[in-house]
Structures are given as C-alpha cells and as structure tokens.
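*Asks:*
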Amino acid sequence: MKHICVLPGDGIGPEVVESAVAVLKAVTDDLQFEYAEIGQSALKKVGSTMPDETLELLRKCDSSLFGAITSSESLGEASPVLRFRKELDLFANLRPVKNYVNLAGRPSIDVVIVRENTEGLYTQNEQYDDKGVTTLRRVTRAASERIVRFAIDYSLKNARKSICCVHKSNVLRASDGLFVSIFRELMASEGRVLEAREQLVDSAAMKLVNSPHEFDVIVTLNLYGDILSDVAAGTAGGLGFAPSGNIGRVYSVFEPAHGSAPDIAGEGAANPTATILAGAMMLDHLKMRNEAVSIRQAVKSTYDSGHLTTDIGGRHGSRSFTDHVIGRLKRGDS
C-alpha cells in the first residue's frame, strides 16, 4: 500500500484533484490518500499558506498529488509551491506534452521538458534600493550536473532518442554558458547513445509552435522551462492537458501545470485531464506502470470517442468527463 498526500488547494484545485483521485481509485486499490491544506484555503484555516503539518505529511507519504493555489502579493510570505520544492529538494520538474485530442490546425507534439527546479530566477532573491530592484539569478555546477543527469537517465529509461539543451548563452555567457558546457560534458561521457542538440530559447519557443516534431527531450533552466512548457501545452490544446512532476531523490509532488482559475471555480467546467495525467505520472514514479498506461489510454479513448471538454469546444465538464474515463477503465475498453 502506497500512501499519497493530497493537496487540493484553491480555485479549481479541489475539483480537478477530486477527478484525479476518483480515476486513481478506479485503476488500483493499492493507494491510501491523506489530505492536507495548502494555499489560501490553508491561510484562512490555520494562518499559513504552507502549514508545518502539510510539510510533515509530504515527507511522510510515498508521493503527493497537488491541485493549484491562488497567488496573492498580500499573503506576506513566499510561494508555498516554491517552498515545498526547496524544502523537499525537488530538483527536477518534468513536463511531458503530448496530443490527447486532435484539434484542427494543431501540429503533432510529443516532447518532454526537463526543467531545473531549484535555482535560477525562482529563488525569489530580490533586493530593493532607491534606484529599483535587483534580482539574483544563480546557476551552479552541482544543480546543472544533477538536472542534465536526470534528463539523460529519463531519456535512456523511456526510449527517447535525443536531448536538446535550451539556453541563451549568446547573451548570458557566464551562467547559461556554464549550463551548456556541463550539458556537453555529460552528454559526451554519459549520454553517448543519445543525440545531443542545442537551441537558443527564443528559437526553441518558435519551433515548439511551428515544428514541435523537431524536439524529443528538452533540458533547460528554471525560467525557460516554465515558459516553454506552457508554449508546448498550447500546441497540444492548452494547459488543461499539461501534467507536471516535481521530483527529487526522496520526495515527489505531481500536479497540473495550470493555475487555480478562480473565475470558473465551483462551476464544474474545469478540464481535469492535466491532473488525471499527473496522477498517471505519479503511478509511473511509484513503479505502477501498467496502471499508468491504462489511465493514459482511457483518457485518449475518451477524447477519441468525441467526449470533449468545454475548454476545447465540447460540452463535458469535470465530472462528466471523469465519469467517461472511469467507465472505460472499469470496462477495460481503454
């Protein structure tokens, strides 16, 4: 039995997490779910967006499933997402993007973006003075080596053929230059069977829109990976189709790449696909590969049969779409 920490969060977070948990329960009896508070809902109840009890449960469980939070400058504390990434040392952000529905005018895409998750501009190290604000961007050899090795290991285990290092070393010669040099070193020594490619980040963004088939696995720095994964998700149909995993040596948290969408919260209109697929990623991580494959096949089959969610012009909301996925899993016709 695997213990799963569930963090519904804010906005549509509870709705999409409810869908994902229902799908997980339909595919296996080997998960036990334990719930904790995070975000605005936690702030209202216990006075903190990241209670100590939540961090304790994250550490205790085998993995975690997270919904979304509503960010606010008035909260007066660091982002709880950035906090749990730091405290649990979730150094790798894994974002696979793939077509689950055929949309007119959208090219085929099957790319995995591996993003360094602990440094760069996302440390929130900002200093004010009378002239403005200075933000520290730190790139270390240790973190760069770790994320490139993760990308190589992932690619080899998942039969991927190439890794593209995305950067901006033509401008940021020292920091991005360090990242690129480490990529070259490790690909030459540890990733020799993989094709090594390099691309400037602005050019990579364009190609993810126009010719995403050129990419297989992308490894990149924190900010670039965050932006590029959303660009790629747009090619696949939107953030409603974009799962994400935060992975470390010990701990892991899986989530949709989208936000809390408070404007549609409670309406039952949110697309739960990204969170359902995040649940499948979690099963992969827990070595429950067959169950993960079944979920992905059921999602694809649901879309192929014409059951489209409202965000792509269909009529199915969160619960209706989820029911169709679960029905396919129970019938075994995914």
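Residue numbers (the numbering used here): 1150 to 1483. All residues carry an ideal CB built from backbone N, CA and C; glycine is no exception.
Looking at C-alpha atoms only, which residue of 1439, 1386, 1297, 1283 is the closest neighbour of residue 1258?
*Replies:* Among 1439, 1386, 1297, 1283, the Cα nearest to that of residue 1258 is on 1386.
*Asks:* Look at the alpha carbon of residue 1190 and the alpha carbon of residue 1156, and state the distance between them as a whole number of angstroms.
*Replies:* Cα to Cα, the separation comes out at about 11 Å.
*Asks:* Among all the DSSP beta bridges, which residues are the ones paired with residue 1282?
*Replies:* For residue 1282, which the question treats as bridged, DSSP gives the partners 1277.
*Asks:* In three-state terms, what does DSSP make of residue 1240?
*Replies:* Residue state, collapsed to three classes: coil.
*Asks:* For the structure I just gave you, are there three or more beta carbon pairs, one from the region 1199-1214 and one from the region 1228-1239, closer than 8 Å?
*Replies:* The answer is yes - the region 1228-1239 touches the region 1199-1214, with three or more Cβ pairs under 8 Å.
*Asks:* Mind listing, in chain order, the continuous beta strand (DSSP E) runs of no fewer than 3 residues lying wholly within the region 1275-1337?
*Replies:* Fully enclosed beta strand (DSSP E) runs of 3 or longer: 1275-1278, 1281-1284, 1311-1316.
*Asks:* If you run the structure through DSSP and keep just helix, strand and coil, what is residue 1256?
*Replies:* In this structure, residue 1256 counts as coil in the three-state DSSP scheme.
*Asks:* With H, G and I counted as helix, E and B as strand and the rest as coil, what does DSSP make of residue 1157?
*Replies:* In the structure shown, residue 1157 sits in a strand (DSSP, three-state: E or B).
*Asks:* Answer yes or no: do residue 1310 and residue 1365 have a C-beta to C-beta separation smaller than 7 Å?
*Replies:* Closer than 7 Å, so yes.
*Asks:* So for residue 1224, helix, strand or coil by DSSP?
*Replies:* Residue placement at residue 1224 is flagged as unreliable, the pLDDT there being 46, under the threshold of 50; a coordinate-derived value is accordingly withheld.
*Asks:* From this set, 1172, 1354, 1411, 1230, which residue's C-alpha is nearest residue 1159's C-alpha?
*Replies:* Answer by Cα proximity: 1411.
*Asks:* So, residue 1377 versus residue 1296, is the Cβ gap smaller than 7 Å?
*Replies:* No, they are not a contact pair.
*Asks:* For residue 1358, which residues in the same chain have their Cβ closer than 7 Å to its Cβ, ignoring the five residues on either side in sequence?
*Replies:* Closer than 7 Å at the Cβ level, and outside the excluded window around residue 1358, lie 1380, 1384.
*Asks:* Can you give me the start and stop residues for the alpha helix (DSSP H) that residue 1175 sits inside?
*Replies:* Residue 1175 -> alpha helix (DSSP H) spans 1162-1176.
*Asks:* Once you ignore the five residues that flank residue 1175 on each side, which residues in its own chain have a CB closer than 7 Å to its CB?
*Replies:* These residues qualify, in order along the chain: 1475, 1478, 1479.
*Asks:* Given 8 Å as the limit, is there contact between the region 1421-1434 and the region 1181-1189, that is, 3 or more CB pairs closer than that?
*Replies:* No contact exists between the region 1421-1434 and the region 1181-1189.
*Asks:* When we look at the beta-carbon of residue 1242 and count the other beta-carbons within 10 Å, is it buried (16 or more) or exposed?
*Replies:* Buried is the call here.
*Asks:* When the Cα atoms are used, what is the spatial distance from residue 1340 to residue 1347?
*Replies:* So the two alpha carbons sit approximately 14 Å from each other.
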